[in-house]
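2 protein chains.
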Amino acid sequence: MTDKCTVDFEPLGRRARVASGATLLEAARQAGVGLNAVCGGAGTCGTCRVRVVAGKVSPPTEAERELVAEGLRLACQVCVLGDARVDVPPDSITAAQRAQVEGRERTVELDPAARGFDVTLAPSNLDDLRADVTRLREALVQQHDVTLERFDPAALRQLPLLLRENEWRIRIVIKNNELIAVAPPDAPPLGLAVDIGTTKVAAYLVDLANGEALGAAGVMNPQIAYGEDVMARITYGMDGRERAQELQRALASGLDELAGELCAQAGRESGEIVEAVLVGNTCMHHLALGLPADSLGLAPYVAVLSDSYDLKARDLGLSLSPGASVHMLPNIAGFVGADHVAMLLATSIHETDVITVGLDIGTNTEISLAAGGRLLSCSCASGPAFEGAHIHDGMRAAPGAIERVRFVDGRIEYQTIDGAPPVGICGSGILDAVAELRRVSALRANGAMQADGHPRVRGEGRGVEFVLVPAGERDAPRDIVVTRKDVNEIQLAKAAIRAGVEVLLDEAGLEAEQVQQVVVAGAFGTYLDVDSALAIGMFPPLPRERFVQVGNAAGMGAKLALLSRHCRRQAEEIARRVEYVELTTNPRFVGEYTKALMLP
Amino acid sequence: MTDKCTVDFEPLGRRARVASGATLLEAARQAGVGLNAVCGGAGTCGTCRVRVVAGKVSPPTEAERELVAEGLRLACQVCVLGDARVDVPPDSITAAQRAQVEGRERTVELDPAARGFDVTLAPSNLDDLRADVTRLREALVQQHDVTLERFDPAALRQLPLLLRENEWRIRIVIKNNELIAVAPPDAPPLGLAVDIGTTKVAAYLVDLANGEALGAAGVMNPQIAYGEDVMARITYGMDGRERAQELQRALASGLDELAGELCAQAGRESGEIVEAVLVGNTCMHHLALGLPADSLGLAPYVAVLSDSYDLKARDLGLSLSPGASVHMLPNIAGFVGADHVAMLLATSIHETDVITVGLDIGTNTEISLAAGGRLLSCSCASGPAFEGAHIHDGMRAAPGAIERVRFVDGRIEYQTIDGAPPVGICGSGILDAVAELRRVSALRANGAMQADGHPRVRGEGRGVEFVLVPAGERDAPRDIVVTRKDVNEIQLAKAAIRAGVEVLLDEAGLEAEQVQQVVVAGAFGTYLDVDSALAIGMFPPLPRERFVQVGNAAGMGAKLALLSRHCRRQAEEIARRVEYVELTTNPRFVGEYTKALMLP
């Protein structure tokens, strides 16, 4: 029993119980703390820095010599010899947890559109024959000064029995003066915030009574079966009016599944969700609503609907509370949709007074530039390469995906998600690999792979490839390679993003170096290594410290809209203010794009 | 060719072409004029009186001697000898046509809640990237000074393709500032008015662009399978929350069928119906909405909802236009529902300054008393006997049903619907038979049938019965009889109605003779013979001319609400003004009821 030690990781508030002699890295893994460890724990990469605040641990090793003066240790080198408390600097944590720790999430005053009220009715009797609804209306005015104007029929159907089962005291939920749900007294209504990405859908479950986050989950967008990118799906939907409904239903079933999963985890039920806020790019927005997206597929790329929109969840085929409501944040124009509005909302870019570039990187990348009171936005098709698609050994960010790559003294170091045996490369890994290959001159500026550029490069001509992991290494089931075509895919993707940034800067009459802040959002945007992205020229060459990675800001924005009517009004204002820049017809775009294809 | 004569019937505007020598009664049947002919054309009953305005006809017969002085003839006696024009007094026409002819239907200024607008949008282009909805909104303000606030999602889904297929010019339908339908330009939107009776459902198809009636149709209420009267259905629905939905769906499928049938007759489609107005008693109202009606089944008989209510047709499972809306008129209290509001609206009883009793007779009978600015209403369970149910040879009012009975000089005369061979007795026929049996003292005041009261009475004790039609007479397939139990059913029904009238008079401090007008509505109320009803004491003994029969006034009221927003406001006002009198707990009711069981 004396062999077990307790290790607390701050500020994450996670705890592990490990055997005496275990390393802090092992303890961190057990505690679910995503410590970086690019070298896999060999003490060579220096990415697992921590600060031991209290407790008995082993003395510094040779590998830590330079760090000790700063009070830092390498978690892979430190052996736990008793209970310990460890402080983890944000830079040492994997991006997903970093976003959480760094507290980029805005806090807002709780003022949800869907509000719950407990109300008590006087029971009916022979002297008061008024209808249930009439007496409910009166009680609400008297007890909460709230006027009910409308009653969702599905919610209304539940009212009379619930009233009588609960001795005339119930919880009702009201949105825009409409009764949308009834429940036993004190039942806290739930909300669902959903970011519908072209490839992935992320959802967040929230307690609307106190704003507490109850869980987050993600699934692949089920519409992927109908086409990988927005254009493919628009084309599919064009083939007949029924097809748009087919895409809509596919998404709805995915959302229902997500909601069910989140509720099960929280010990709740989908039927308790009274409102959902959905965001997505304009195409995802239209397909989520079952609106034909045909007009988005052809110049002049016009949306059917750009205003914010409220409708019944059942009209989308969603199985939430019977009277549940859905709020769609407004779109901007072209493909710059509600997800980007949500991202701007969550990061407060619309309010900043420093020159800021905001990017939400995904299969479609939206870019905004805030400068001098103006807010310019554009959208570019960066493709699914960063999601691991169209990459020879690409995969999505799942256990065993190589997420970090570094060449150190001729060695190739890499880190897999959850430290699992390597099975493929995800977006951030391929980005690192390209950056490192270029750094050691194994790639030319045009992306051509040099057969003699690195000992691990093999093959010739179009078949040339770089062996990142040979079969068997760390139990890799086969060779994991980066092909010449993989490099080209990354070039196309990063060039689209860089060209978008440059066109916006040009529209605003600014030089890149004037940008004081670059906010990078989206799952991939959060996991990518900014140095690598800078190395391949995806971003303008700015000092590293001007970059900040903020996680799924679109999802956070959806959550804010769920919790705050003020945020919904801000979203409207953002959508109104943005000056949309259409890249496909912009005269500078092609030139910038061609230039950006090169590797610096 | 010279043998054919043209006969015009005024004021109905109907025409027949008959052979010279045919009777006017034959001509009337060919022209679809529902002339009364209780004796079947024998010249004995005197019910087929007409006025020959022009043309050559046969001279008066012996049977017409007394009428000639008044300028009248009997249609069954007059032979057409050349083209003729005939005026038909209202009293000579069957009730259904009479209601039509007498013009009881209020005419209102056309101002429907669902209004169509043709609108032309400027096509989108690279200089105008605004969303379709944004440009539609603007065009509506500019072209019609109308502000759109909401967009039904199902209608919205049809907008973009329809806009592009029709060169940016479309017809849109707006209700309460919400877009509820889109259509090609100039397509006139349709409306559906529905009176949901406990036994029968009547529907009217209307062109909302010009107010024109496009057809009427009726079906049995499919909920009959779950119980004949309201209490049976409430009890069925109580057994579980799902059951109310089952009743709702049964009705919805019946309404869909009616709508389809009406549209097919008019060469239109259900998908063109953009709004429906539904009325019914409170129980039918609740079951139509899928609201649990449990609270209506027990004292204090409280409704869930009494206000007027708007919802989506799809939320009732109706397959009308995808974004179609349904308006439910307000209920009053107890079982006095939206159908009675509609009846008061259609007959203007709420505005009259003469003391008026209004009755809507059905399985449930609603009664109102307008006097001195007050409007008192009650409801009584008159049962389905008047619909032909619970009557030995009862049937609903269909071809072959005996609808009129008169004893003339010892002979028994009767009239069947459409003159078809007799197969049973409908409500008005049984009412006549009871009145005649009492007149000739074959019935005692307590309803007991006297074995020696009439040669056609046979059997004894509980088995005593009156043979109205012996098998074989006019091709009757079997004996058609009136049993002692039939008489009792009629006594129960008429007593409930009379007691209701007396309680209302008492509440208002009035004597029966002060009533200046009695308005009788409902299918049975329109077909019944007022003299017979007076003879059995269903109504207070008032002069015949104070009675007026107005057809399906509830259905007419629903139609008015479809065509006029002003009428909807009037309906609200009626529902607010009515003083509801609960009969089941009224101390006078039982006494009045017991008294009214007697036959005068």
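These protein sequence lines are chains A and B, in that order.
Taken in order, the first sequence gives residues 218 to 817; the numbers are from my numbering.
Taken in order, the second sequence gives residues 218 to 817; the numbers are from my numbering.
Just so you know, even glycine gets a beta-carbon here, dropped at the ideal spot from N, CA and C.
Chain-ordered residues of the stretch 518-531 of chain B with a beta carbon less than 9 angstroms from chain A
518, 519, 520, 521, 522, 523, 524, 526, 527, 528, 529, 531
Residues of its chain near residue 220/B, where Cβ-Cβ distance is below 8 angstroms and the 5 sequence neighbours each way are ignored:
236, 237
Residue 784/A - DSSP class collapsed to helix/strand/coil:
helix
Starting from residue 480/A, trace the alpha helix (DSSP H) both ways and give me its first and last residue.
458-482
Give a yes or no on whether the minimum CB-CB distance between residue 749/B and chain A is below 8 angstroms.
no
Straight-line Cα distance separating residue 788/A from residue 613/A
31 angstroms
I'd like the span of the alpha helix (DSSP H) that includes residue 705/B, first residue to last.
701-724
How is residue 518/A classed by DSSP in three states: helix, strand or coil?
coil
Residue 341/B CB to nearest chain A CB: under 8 angstroms?
yes
Output needed in chain order: residues of the stretch 693-708 of chain A with a Cβ under 8 angstroms from some Cβ in chain B.
none
Between residue 753/B and residue 711/B, how many whole angstroms is the CB-CB distance? I'm expecting something under 8 angstroms.
6 angstroms
Residue interval of the alpha helix (DSSP H) (run including residue 448/B)
447-455
Residue 572/B - DSSP class collapsed to helix/strand/coil:
coil
Which class does residue 542/B belong to by DSSP, given the choice of helix, strand or coil?
strand
With a threshold of 8 angstroms between beta-carbons, can residue 215/A be considered close to chain B, or not?
In the structure as shown, chain A starts at 218 and stops at 817, and residue 215/A therefore has no counterpart that could be examined.
Contact check, residue 647/B vs residue 611/B, beta carbons under 8 angstroms
yes
Three-state class that DSSP yields for residue 419/B in the structure shown
strand
Exposed or buried, residue 218/B, counting other C-beta atoms within 10 Å across all chains shown (16 or more means buried)?
Caution is warranted here: a pLDDT of 47 is assigned to residue 218/B, below 50, making its placement in the model unreliable, and the coordinate value is therefore given only provisionally. So residue 218/B counts as exposed.
Under a CB-based cut-off of 8 angstroms, is residue 351/A close to chain E?
Among the protein chains of the structure shown, namely A and B, there is no chain E.
Contacts around residue 264/B, its chain only, beta-carbon distance under 7 angstroms, and the 5 residues preceding and following it disregarded:
253, 254, 255, 309
Under 8 angstroms: do the stretch 790-798 of chain A and the stretch 554-568 of chain A share three or more Cβ pairs, one atom per stretch?
yes
6 angstroms CB neighbourhood of residue 398/A in its chain, flanking five on each side removed
372, 390, 491, 538, 540
Using 8 angstroms as the threshold, is the stretch 757-765 of chain B in touch with the stretch 731-741 of chain B, meaning 3 or more CB pairs across them?
yes
Roughly how many angstroms separate the alpha carbons of residue 271/A and residue 227/A, rounded to a whole number?
11 angstroms
Does residue 789/B come within less than 8 angstroms of chain A when only Cβ atoms are used?
no
Indicate whether residue 579/A and residue 700/A have their beta-carbon atoms separated by less than 8 angstroms.
no
Through-space distance from residue 230/A to residue 300/A, alpha-carbon basis
15 angstroms
Report the option in 297/A, 447/A, 262/A, 645/A whose CA atom is closest to the CA atom of residue 280/A.
262/A
Residues near residue 442/B by beta carbon distance below 8 angstroms, same chain, minus five either side
467
Can you tell me whether DSSP reads residue 755/B as helix, strand or coil?
coil
How far does the alpha helix (DSSP H) with residue 647/A in it reach, from first residue to last?
644-656
If you draw a straight line from the alpha carbon of residue 602/B to that of residue 546/B, how long is it in whole angstroms?
28 angstroms
Rounded C-beta distance between residue 410/B and residue 423/B? I'm assuming under 8 angstroms.
6 angstroms
Quick check on DSSP: helix, strand or coil for residue 225/B?
strand
Within the 8 angstroms Cβ cut-off, does residue 512/B reach chain A?
yes
Cα-Cα separation between residue 445/A and residue 630/A, rounded to whole angstroms:
32 angstroms
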